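K.L.:
There are 2 protein chains.
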Amino acid sequence: MPSVIALDAMGSDKAPKPEIEGALQAARHHGVRVLLVGPEPQLRAELARYPGAGRLPVDVVHASEVITMDDKVDAIRGKRDSSIRVGLRLVREGRAAGFVTAGNTGAAMATAKVVLGALPGVDRPALAAAFPTVNNTAAVLLDVGANVDCTANNLEQFAVMGDIYCRSIFGMKHPRVGLLSIGEEEGKGNNLTREAFQLLKRLPINFIGNVEGRDLYNGQVDVIVADGFVGNVALKTSEGVARLVRAVLKETLKATITRQVGALLSRNAFSDFKKRLDHTEYGGAPLLGIRGVCIITHGSSNTNAIKNAVRVAAEFAEGKVNEAIERELAELSVVVPT
Amino acid sequence: MPSVIALDAMGSDKAPKPEIEGALQAARHHGVRVLLVGPEPQLRAELARYPGAGRLPVDVVHASEVITMDDKVDAIRGKRDSSIRVGLRLVREGRAAGFVTAGNTGAAMATAKVVLGALPGVDRPALAAAFPTVNNTAAVLLDVGANVDCTANNLEQFAVMGDIYCRSIFGMKHPRVGLLSIGEEEGKGNNLTREAFQLLKRLPINFIGNVEGRDLYNGQVDVIVADGFVGNVALKTSEGVARLVRAVLKETLKATITRQVGALLSRNAFSDFKKRLDHTEYGGAPLLGIRGVCIITHGSSNTNAIKNAVRVAAEFAEGKVNEAIERELAELSVVVPT
Chain A
1 MPSVIALDAM GSDKAPKPEI EGALQAARHH GVRVLLVGPE PQLRAELARY PGAGRLPVDV
61 VHASEVITMD DKVDAIRGKR DSSIRVGLRL VREGRAAGFV TAGNTGAAMA TAKVVLGALP
121 GVDRPALAAA FPTVNNTAAV LLDVGANVDC TANNLEQFAV MGDIYCRSIF GMKHPRVGLL
181 SIGEEEGKGN NLTREAFQLL KRLPINFIGN VEGRDLYNGQ VDVIVADGFV GNVALKTSEG
241 VARLVRAVLK ETLKATITRQ VGALLSRNAF SDFKKRLDHT EYGGAPLLGI RGVCIITHGS
301 SNTNAIKNAV RVAAEFAEGK VNEAIERELA ELSVVVPT
Chain B
1 MPSVIALDAM GSDKAPKPEI EGALQAARHH GVRVLLVGPE PQLRAELARY PGAGRLPVDV
61 VHASEVITMD DKVDAIRGKR DSSIRVGLRL VREGRAAGFV TAGNTGAAMA TAKVVLGALP
121 GVDRPALAAA FPTVNNTAAV LLDVGANVDC TANNLEQFAV MGDIYCRSIF GMKHPRVGLL
181 SIGEEEGKGN NLTREAFQLL KRLPINFIGN VEGRDLYNGQ VDVIVADGFV GNVALKTSEG
241 VARLVRAVLK ETLKATITRQ VGALLSRNAF SDFKKRLDHT EYGGAPLLGI RGVCIITHGS
301 SNTNAIKNAV RVAAEFAEGK VNEAIERELA ELSVVVPT
């Protein structure tokens with residue numbers, strides 16, 4: 001029986017088009033059953049425009065409200081029938097194995113914590129972002145924003161959850177787990193990371209010690225552990241640098257005719273380049289440690305990004321990632337009481 | 001009377017060549033008097049190879065020891081006659097107005113704090129890194145590593161010092177000062193930034209509120225305030241992304257003959273691009289808030305980077321940045337006692 005994934009049809013910047021097409025592709029290519037969550041009349045009308053959509057296991061669940069990217073916490077609480085809340089309720093009620101949204105990250109995290117709750121043994125769920133490295137491998141950074149003030153024990157649990165996620169979803173045998181700090185030696189870092197270092201080194205994982213910001217993309221570490229504030233700064237700084245590079249390259253390549261010809265000839269290289277760095281291949285950011293599966297993708301997600309996120313949500317459910325998190329954290333508390 | 005700047009001749013990865021050439025160029029083009037600090041016989045022999053060097057105001061001060069990039073704290077303490085310590089002593093004794101090194105950042109900061117001490121009213125000196133933005137303006141991020149665990153009051157002082165630095169060295173009238181956080185609204189961030197926000201908004205500076213990692217390079221903010229751990233992660237993450245971009249572009253541009261031709265034609269664009277992003281133009285990272293001037297540049301600094309750092313050190317001393325920091329922090333403590 002294939003997994004059922006609830007998909008927020010109203011999340012992305014161009015919703016619901018990428019969601020509808022991503023759902024159809026995930027159903028066609030990966031055999032996932034998808035429940036599109038949003039205003040039913042609109043979604044059914046849109047779906048009807050795709051020939052053959054009726055033969056695919058894609059259905060619609062009605063939600064009358066939409067949370068926007070600009071909605072504040074109060075507005076989010078008020079929208080009891082939002083596509084995010086309705087989608088997460090489907091998971092809680094067992095009608096879906098997982099939920100995917102390209103919508104408001106803060107709203108999705110907060111609602112998932114309330115509607116689904118944390119797994120037994122998990123103090124704080126963490127948002128894990130996957131991205132590409134120089135070696136073309138995937139690396140995972142967590143937490144990237146679910147928790148702004150963390151304890152060393154929180155970071156310890158993030159390390160365990162990140163390790164399991166990498167093994168389950170990226171098929172790595174012994175992911176190298178690093179602690180994001182400022183200096184490689186054991187004594188380097190702030191109070192939080194120095195304390196966390198002592199906890200991480202006694203875990204039954206492949207802990208390689210402190211790593212620095214410049215190691216995120218060098219392929220020498222697979223799981224990078226940070227508190228949600230630091231992780232979020234690292235992730236958004238990366239976006240900022242990428243935008244700067246794009247802007248400067250664009251400008252300098254336009255400066256002369258010769259360069260324009262050169263740029264034309266090398267444009268396939270640039271599209272390859274964009275593809276290599278494309279977050280859409282990595283299936284979004286899962287909120288690890290909640291009861292159920294919740295994957296948040298970028299607001300700019302296209303069809304491919306949505307399709308991959310739906311696929312990963314199904315793999316996440318089928319790979320029994322949550323069962324592993326629950327079991328390994330329980331074992332941990334027996335072996336090394338904290 | 002031109003400023004005298006002491007320059008660690010043994011700091012950079014290729015020392016002492018970039019230092020000697022940078023010193024000669026700073027003397028020739030900017031009229032700065034430079035004291036090269038390092039092993040005297042070696043430095044005099046090297047200097048003698050540059051025709052005309054004898055007519056420029058570049059001299060040598062002997063230091064028998066060198067701190068390497070790998071030296072641990074204990075080793076650094078033991079090297080009483082290192083080029084870093086001797087150079088900083090020249091500043092303390094008033095024989096030089098400032099000190100420049102491309103050596104071990106941690107060692108330089110720690111030694112500067114001990115040898116020179118903090119300015120009256122400054123609780124914690126902060127390392128300020130300047131970098132380019134999309135608009136071709138400079139932005140300053142501080143602290144990038146002098147203090148790993150900060151209080152809100154520390155961040156408040158960083159804001160004042162960064163504002164003065166931007167006005168004095170980059171000639172900005174009303175630098176836009178932002179607090180590095182994760183979300184733009186006032187309530188967003190961690191305990192530290194939320195507390196600091198309240199202090200920064202009552203300062204007599206152009207405080208624009210929270211900024212995010214992706215704003216660092218977008219030209220919308222001139223001074224970005226962060227604790228040293230977060231600032232260091234942001235800076236090193238940027239380095240990591242830049243390396244990833246370089247590696248991936250290089251690889252993709254080599255893939256076919258057409259692309260190789262394209263890359264050849266557009267290579268001037270790439271060298272422009274490298275130049276635009278080149279940290280060497282920005283004159284290194286000053287340690288703000290100490291008695292004297294201490295500027296730390298990247299270990300990979302070339303002649304141009306050293307020349308610019310020496311020039312900025314002289315401008316720093318002549319612009320009376322420290323007098324302004326002392327005065328404005330004193331005024332602050334009268335107006336808004338903390």
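As they're listed, the protein sequences go chains A and B.
Heads up: the first sequence begins at 1 in this note's numbering, then just goes up one per residue.
Heads up: the second sequence begins at 1 in this note's numbering, then just goes up one per residue.
C-beta atoms are modelled at their ideal positions from N, C-alpha and C, and glycine is treated no differently.
Keep in mind that this is a model prediction, so the values were computed, not measured.
#1: Counting only the same chain and skipping the five closest in sequence on each side, list residues whose C-beta sits under 6 Å from that of A/Ala-330.
#2: Which residues of chain A have a Cβ atom closer than 7 Å to the Cβ of B/Lys-307, listed in chain order?
#3: Using a beta-carbon distance cut-off of less than 7 Å, what residues from the region 193-215 of chain A approach chain B?
#4: Do you know offhand how far B/Gly-11's Cα is from B/Thr-297's?
#5: Here's the rule: buried if 16 or more other CB atoms are within 10 angstroms of the residue's CB, otherwise exposed. What is A/Lys-14?
#6: Whole angstroms are fine: how far does the CA of A/Leu-36 sit from the CA of A/Ile-67?
#7: Between the region 110-125 of chain A and the region 20-33 of chain A, are three or more C-beta pairs nearer than 8 Å?
#8: List the endpoints of the continuous alpha helix (DSSP H) containing A/Ile-20.
#9: Looking at the C-beta of B/Glu-186, does it have a partner C-beta in chain A at a distance below 8 Å?
#10: Give a yes or no on whether the minimum CB-CB distance between A/Asn-191 and chain B is below 8 Å.
#11: B/Ser-82 bridges to which residues according to DSSP?
#12: What's the gap between the Cα of A/Asp-215 and the Cα of B/Arg-55?
#13: Taking B/Cys-294 as part of the beta strand (DSSP E), name the residues at either end of that continuous run.
#14: In chain order, what residues of the same chain have a beta carbon less than 6 Å from the beta carbon of B/Arg-85, not counting five sequence neighbours either side?
#15: Please state the DSSP three-state secondary structure of A/Pro-41.
#16: Under 9 Å between beta-carbons, which chain C residues line up against B/Asp-149? List them in chain order, please.
#17: For A/Thr-338, which residues of its own chain have a beta-carbon under 6 Å away from its beta-carbon, when the five flanking residues on both sides are left out?
#18: I'd like to check one pair, B/Gly-209 with B/Ile-179: are the Cβ atoms closer than 8 Å?
#19: Assign A/Gln-157 to buried or exposed, taking buried as 16 or more other Cβ atoms, counted over all protein chains shown, within 10 Å of its Cβ.
#20: Taking C-beta pairs closer than 9 Å, name the residues in chain A that B/Phe-229 reaches, listed in chain order.
#21: Pull up the distance between the alpha-carbon of B/Pro-2 and that of B/Thr-237, whole angstroms please.
#22: Can you pull out the residues from the region 138-163 of chain A whose beta carbon lies closer than 8 Å to at least one beta carbon of chain B?
#23: DSSP state of B/Val-230, grouped into three classes?
#24: Based on Cα-Cα distance, which residue from A/Ile-295, A/Glu-318, A/Gly-319, A/Lys-320 lies nearest to A/Asn-308?
#25: Which runs of the beta strand (DSSP E) spanning at least 3 residues fall entirely within the region 98-165 of chain A, listed in chain order?
#26: Determine the direct distance from the alpha carbon of A/Gly-228 to that of A/Ala-196, and round the result to whole angstroms.
#27: Per DSSP, what kind of secondary structure is A/Arg-194 in: helix, strand or coil?
#28: Taking A/Asp-143 and A/Gly-231 to be in contact with their CB atoms under 8 Å, please state how far apart those CB atoms are, rounded to whole angstroms.
#29: My output table needs one value for B/Ala-364: the three-state DSSP class, helix, strand or coil.
#30: Going by DSSP, what residue range makes up the alpha helix (DSSP H) through A/Asn-218?
#31: What is the DSSP secondary structure of A/Pro-337, counted as helix, strand or coil?
#32: CA-CA distance, A/Leu-199 and B/Ser-333?
#33: What residues in its chain sit with their C-beta under 7 Å from that of B/Arg-327, if we drop five residues either side in the sequence?
#34: Along chain A, in chain order, which residues have C-beta atoms closer than 7 Å to that of B/Leu-332?
#35: Under 8 Å between beta-carbons, which chain B residues line up against A/Arg-243? List them in chain order, please.
P.N.:
By the coordinates alone:
#1: Gly-121
#2: Near B/Lys-307 there are no residues of chain A at all, since even the closest Cβ is about 24 Å away, more than 7 Å.
#3: Glu-212, Gly-213, Arg-214, Asp-215
#4: 9 Å
#5: exposed
#6: 15 Å
#7: no
#8: 17-30
#9: no
#10: yes
#11: B/Glu-65
#12: 46 Å
#13: 293-296
#14: Thr-111
#15: helix
#16: Going by chain labels, chain C is absent from the structure shown, which instead holds the protein chains A and B.
#17: Because A/Thr-338 sits at a pLDDT of 49, beneath the cut-off of 50, its placement in the model cannot be relied upon, and the following sentence gives the value as read from the coordinates. The answer, listed in chain order, is Asn-153.
#18: The amino acid occupying residue 179 of chain B in the given sequence is Leu; Ile does not appear at that position. Closer than 8 Å, so yes.
#19: buried
#20: Ser-181, Ile-182, Gly-189, Asn-190, Leu-192, Thr-193, Val-230
#21: 38 Å
#22: Gly-145, Val-148, Asp-149
#23: helix
#24: A/Ile-295
#25: 98-101, 126-132, 138-142
#26: 14 Å
#27: helix
#28: 5 Å
#29: Given a span of 1 to 338 for chain B in the structure shown, any question on residue 364 of chain B remains unanswerable.
#30: It is not in any alpha helix (DSSP H) - A/Asn-218 carries neither H nor E in the DSSP assignment.
#31: Here A/Pro-337 scores only 49 on pLDDT, less than 50, and its place in the model should not be relied on; the value that follows carries that caveat. Coil, per DSSP.
#32: 41 Å
#33: none
#34: Here the premise fails: no neighbours, minimum Cβ distance about 26 Å.
#35: Val-134, Arg-214, Tyr-217, Asn-218
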